[in-house]
Amino acid sequence: MAKSKLTVNGTAQEVDCDPATPLLYVLRNTLNLKGAKFGCGLEQCGACAVLIDGEPVLSCVRAVSEFDGQNITTVEGLSENGEPNAVQRAFIAESAAQCGYCTSGLVVATTALLKRNPQPSREDINEALADHLCRCGSHVRVLKAIDRLAAAGGSHDR
Amino acid sequence: MTASLEKQPNLDQWLAITGDGRVVVRSGKVDIGQRISTALAAIAAEELDVSLDRIAMATVETGVSPDEGVTSGSNSMQDSGQAIRLAGATARRYLINKAAAQLDVEPASLEIADGLIRSRDTNRSVNYWELQGDQPFEVPIDPEATVKAPGDYEEVGNPQTARGLADLVTGQPIFVHDMNPPGMLHARVIRPPHYHARLHALDESACERIETSGVRVVRDGSHLAVAGADEYAVVKAAERLAAAADWDMRGGLPTADIFDAMKTNERVSLPVADGIPRREPVPDLPDPPADVATTLTARYEKPYHMHGSLGPSAALAQTDGDKIHIWTHSQGIYVLREALAGGLGMAEEDLHIVHVPGAGCYGHNGADDVAVDAALVARALPGTPILLKWTREDEHAWEPYSTCMAMAVQASLDAEGNVVAWSQESYGDTFMMRPRNSPPGEGARRLLPLRYIENGAEDPVPQPAMRYHVGIHRNLDPLYKFPNPRLVKNLVRGLPLRTSALRTLGGFANVYAIECFLDELAEAAGIDPVEFRLRHLDDDRAKACVQALADSLFKDSKPDNRGRGIGFAQYTNSKAYSAVGVELEVSDDAAIKLHRAVVSVDAGQVVDPDGLIMQSEGGFIQAASWALHEEVKFDRDGVTSRDWDSYPILRFDNIPEIETILIDRPGDPYLGAGEAVSGPAGAAIANAVYDTTGLRLRRMPFTPEALRAAAMS
Ligand code: FES
Ligand code: FES
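Protein chains in written order, with this note's numbering: chain P, 239 to 396; chain X, 1445 to 2157.
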């Protein structure tokens, strides 16, 4: 057991666990943030994506000890006062989820993409979402949600 | 009357009015991302004249919800939708009459707005919640109840936001994987290397070390599991226990080429007429009629496909005295209850099964099996809630796949280009392995974990499915007017992998074969593929569907380097019609790049247009993924497609623009649409590849290697 210090969704946290524990398990179990999902545990599907200092990172393999002192945002942390943010609203407006198991990861990746690049080309989008799988075929809607946000000049209110 | 209504004829089984202003709607169909609850809520709101936000869709659980079998086969709108529509209409009339008596006015003078019943004559009013709040109706549903005329619809057919969408995008804990009751232990199961292996020996000292570290080892015969409070410790313990197990491999999996095996293995062959197999000798393939102009033959093939749910299956189970409670994303909680009760020797009433969402499943994936895994561990650790999750590898290697199939087709054309003879034989393993308990005992055999426990169940032996358009013979019967088609289903024995229901069952493969072969015939006849289809169809809705697709797909001329292809089918010749067109390009490295897809769908009366469009888009994307990439691989030692690298699927970089044309039929029955697009989509892709390369792709997947091989031969 060892202590790791993390800032998660703006709150400082000290977690006491096996330092080899993948970050995803700490988020979901220790901190009870169920937004990031376990899809593969192999860094192959994107369901577990979170933001580290604004950059998307897959959380299912890398140990919590690697993230000591870092600033982590999960999909829960993107909402503002419990209300969906611009990216989340665009996903709702375009119905960009069927079962929704891939959705947290896609919301997180989209948020990071648009912050970096408010008017991404289709190639930029493909690259940003290259690690993200969706088995229900919600892709078209996710692309529409991104178009909607890009048309609005990126999402301002993050 | 639908089966759902026959089994549950009473209004109280479907609807309740609460004192606090809500309408609780009970359906036996579960929402698996197909937005069925959104559509059902709209129907209830419509018939009852209440606003949508008053509708609460009840959790689906045994003992409370109507028993509607399995959420499958695109039946939900036809079964549950129709039942709830009639329930709503019956309740509305009941409430009007009750209000009329209470207000002492004529029922005809009453009007309803959001549950408020007001008399136009006296202006007196009463609302549903005062009138009926928390009281039972105690009347049967009237199958003849007058339902609203489509012209009066306010909710049905309008754009709707899916229920629960905000929870999904903000990461709220709605999945069974997210459950976390006090005292819960995480659990994992340790499977053998392949189906036939059984535990030979287990290193007891390794087990002791695991137990000393605080993780429980649960063993029943060859069924191994670990459970503990810390999930990561459980994951590591599962690895250690796997290493401590010595398996008796019992020969391994048959390794003969599956496409050869479908030609040579023993099989049960039955002729099919009007969509139904007959217990009769298979007629020989006759010589083509003497005066035909051309006879063509071809054999189309598809490999095993997996459901590949994005979240591995999971379930929570907990015992309470003699009872077991299970929270599961199974598509058929009553079916599971019956099978599991039989398998564990329990009374059905002692099993309480509650549906909680999981990742999209598209058929019979690991949901039922993991529920059994969880129940077995819960039984060994009484009173403790057990959250058992499969790993990615468990899901990939152990879910029941969609069988490999082969379709041998032959047809003859007369001098005018009319099909004058048609034969199709379809081959494959079973699609029908949901844990249905008929005959008694069969359900347990179909629950994977019960085969591994001490004195466990035997492997099930599939029997040919005999109902209309199921299994291998789903959409074997072409909708086209071919004289006396010779149709044969062949249930092949001795194929290597575990199989069951995946979206469309045999429909995907059969429609792929029919619709590609039609293009071959059209070319031989020198007739345009659209025209060739239209001239062999006599169903006006079918023709309109094909025409709508063609009008859009061929509106503009295509860029030089692209190919276009189409496909069409009416799902099970009785559900939604769909025509699909694809425009694609084959790159220099033989990869298929999808540019554009057009989908036309006639699903009868449209209830939730956006939901229907999403189902169509999702169906197209999944079918494109099957066609371009997917193939479950294995060797003697087991399945080798154990992750997303070894089983690739379609990704964001190859998603085309998709245009969906909905052909609304106000007032016509709802036609299930969740599976209508898949078959036509697979065929349209193959036909478009031919259009641009001249290569007929008769075996999926259409990988660059397959295209290169086709170009060489
Ligand atoms: S769960 Fe992390 S990438 Fe799949
Ligand atoms: S919406 Fe189900 S996996 Fe993407």
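By construction, the Cβ of each residue, glycine as well, lies at the ideal position given by its N, Cα and C atoms. Keep in mind it's a predicted model, so treat the numbers as computed, not measured.
Task: Proximity of L1962(X) and Y1924(X) at Cβ, strictly below 9 Å - done: Yes. Within cutoff.
Task: Identity of the residue in F2146(X), V1932(X), T1943(X) and A1783(X) nearest L1891(X) by Cα - done: Nearest option by C-alpha distance: A1783(X).
- [ ] Confirm the yes/no value for this check: CB of C1848(X), any heavy atom of ligand 1, distance under 8 Å.
- [x] Flag unset: Cβ of C1848(X) not near ligand 1.
Open item on the list: With a threshold of 8 Å on Cβ separation, who are the neighbours of P2145(X) within its own chain once the five nearest residues in sequence on each side are excluded?
Closed with: These residues qualify, in order along the chain: P1747, W2070, A2071, L2072, H2073, E2074 and E2075.
- [ ] Give the range of the beta strand (DSSP E) segment to which E1745(X) is assigned.
- [x] Taken as a continuous stretch (DSSP letters only), the beta strand (DSSP E) holding E1745(X) covers T1738 to K1746.
- [ ] Within the same chain, show all residues whose beta-carbon is closer than 6 Å to that of K2077(X), passing over the 5 residues directly before and after it, in chain order.
- [x] The residues are T2084 and S2085.
Open item on the list: Count Cβ pairs between the region 1860-1869 of chain X and the region 1960-1977 of chain X that sit closer than 8 Å; are there 3 or more?
Closed with: Judged by Cβ distances under 8 Å, the region 1860-1869 of chain X makes contact with the region 1960-1977 of chain X, as three or more pairs qualify.
Task: Contact list for L371(P) against chain X, beta-carbon separation under 8 Å - done: Ordered by position in chain X, the residues that pass the 8 Å Cβ test against L371(P) are L1754, W2088, I2093 and R2095.
Task: Residue interval of the alpha helix (DSSP H) (run including V1779(X)) - done: Where V1779(X) is concerned, the enclosing alpha helix (DSSP H) stretches over I1777 to L1788.
- [ ] Give the DSSP-derived three-state secondary structure of F2012(X) in the structure shown.
- [x] It is a strand residue.
Task: Lining residues of ligand 1 - beta-carbon closer than 5 Å to any non-hydrogen atom, in sequence order - done: Every residue whose Cβ sits closer than 5 Å to any heavy atom of ligand 1 is listed here in chain order: G277(P), C278(P), E281(P), C283(P), A285(P), C286(P), L296(P) and C298(P).
Task: Beta-bridge pairing of W1866(X) - partner residues as DSSP gives them - done: In the DSSP output, where bridge partners are listed per residue, W1866(X) has A1855(X).
Task: Residue from N1919(X), P2110(X), G1695(X) and D1873(X) whose Cα sits closest to the Cα of G1702(X) - done: Here residue 1702(X) is Ile; the residue named in the question, Gly, does not match the sequence. For I1702(X), the nearest C-alpha among the options comes from D1873(X).
- [ ] Could you check which residue in G338(P), L271(P), A390(P) and A368(P) has the C-alpha nearest to that of S376(P)?
- [x] Closest option to S376(P), Cα to Cα, is G338(P).
TODO: Going by DSSP, name the residue or residues bridged to G1872(X).
DONE: Partner residues in the beta bridge of G1872(X), as assigned by DSSP, are M1849(X) and L1935(X).
- [ ] State the Cα-Cα distance for the pair P1927(X) and D1921(X), rounded to the nearest angstrom.
- [x] Going from the Cα of P1927(X) to the Cα of D1921(X) covers about 12 Å.
Open item on the list: Buried or exposed, going by whether 16 or more other CB atoms sit within 10 Å of the CB of K272(P)?
Closed with: Burial call: buried.
Open item on the list: Given this structure, state the Cα-to-Cα distance separating G2116(X) from G1900(X), to the nearest angstrom.
Closed with: Spanning the two alpha carbons is a distance of roughly 38 Å.
TODO: Decide yes or no for the touch test of the region 1828-1840 of chain X against the region 1772-1783 of chain X: beta carbon pairs closer than 8 Å, at least 3 of them.
DONE: Touching, no.
Task: Spatial neighbours of A350(P) in its chain, beta-carbon cut-off 8 Å, leaving aside the 5 residues before and after - done: Residues of the same chain with a CB within less than 8 Å of the CB of A350(P), apart from the 5 flanking positions on each side, are L289, G292, E293, P294 and A366 in chain order.
TODO: Give me the Cα-Cα distance between T1948(X) and L1740(X), rounded to the nearest whole angstrom.
DONE: Cα to Cα, the separation comes out at about 27 Å.
Task: Exposure label - D1704(X); buried when at least 16 CB within 10 Å - done: Counting every other CB atom within 10 Å of its CB across the protein chains shown gives D1704(X) a total below 16, marking it as exposed.
TODO: Assign A390(P) to one of two classes, buried (16 or more other C-beta atoms within 10 Å of its C-beta) or exposed (fewer than that).
DONE: With fewer than 16 other Cβ atoms within 10 Å, it is exposed.
- [ ] Return the residue from the list K1451(X), A2150(X), L1539(X) and E2103(X) that minimises the CA-CA distance to D1493(X).
- [x] Of the candidates K1451(X), A2150(X), L1539(X) and E2103(X), the one whose C-alpha sits nearest the C-alpha of D1493(X) is L1539(X).
- [ ] List the residues of chain P whose Cβ lies closer than 8 Å to the Cβ of T1605(X), in chain order.
- [x] The answer, in chain order, is I330 and S333.
- [ ] Give a yes or no on whether 9 Å exceeds the smallest Cβ distance from A1500(X) to chain P.
- [x] Output row for A1500(X): interface = no.
Open item on the list: Using CA atoms only, rank isn't needed, just tell me which of A250(P), V246(P) and F329(P) is closest to R386(P).
Closed with: Comparing C-alpha distances from R386(P) to each of A250(P), V246(P) and F329(P) shows the shortest one belongs to F329(P).
TODO: Determine the direct distance from the alpha carbon of Y2114(X) to that of A1460(X), and round the result to whole angstroms.
DONE: Those two C-alpha atoms are separated by around 24 Å.
- [ ] Identify whether A250(P) lies in helix, strand or coil by the three-state DSSP scheme.
- [x] For A250(P), the secondary structure class from DSSP, reduced to helix, strand or coil, is strand.
Task: C337(P): CB within 8 Å of a non-hydrogen atom of ligand 2 - done: Within the cutoff, so yes.
- [ ] Report whether the distance from the Cβ of S2158(X) to the nearest heavy atom of ligand 2 is below 8 Å.
- [x] Nothing about residue 2158(X) can be read from this structure; chain X reaches only from 1445 to 2157.
- [ ] Could you tell me which chain X residues have their CB closer than 7 Å to the CB of S342(P), listed as they occur along the chain?
- [x] The contacting residues are G1615.
Open item on the list: 9 Å is my cut-off, CB to CB: does I2061(X) come that close to chain P?
Closed with: For clarity, residue 2061(X) is Glu in the given sequence; the question names Ile instead. For E2061(X), at least one C-beta of chain P is nearer than 9 Å to its own C-beta.
Task: Alpha carbon of S2090(X) to alpha carbon of C286(P), nearest angstrom - done: Each residue's Cα considered, the two are about 20 Å apart.
Open item on the list: My output table needs one value for A1824(X): the three-state DSSP class, helix, strand or coil.
Closed with: Residue state, collapsed to three classes: helix.
Open item on the list: Taking the alpha-carbon of Q1616(X) as reference, which of L244(P), P257(P), T341(P) and Q308(P) has the nearest alpha-carbon?
Closed with: When only C-alpha atoms are compared, the closest one is T341(P).
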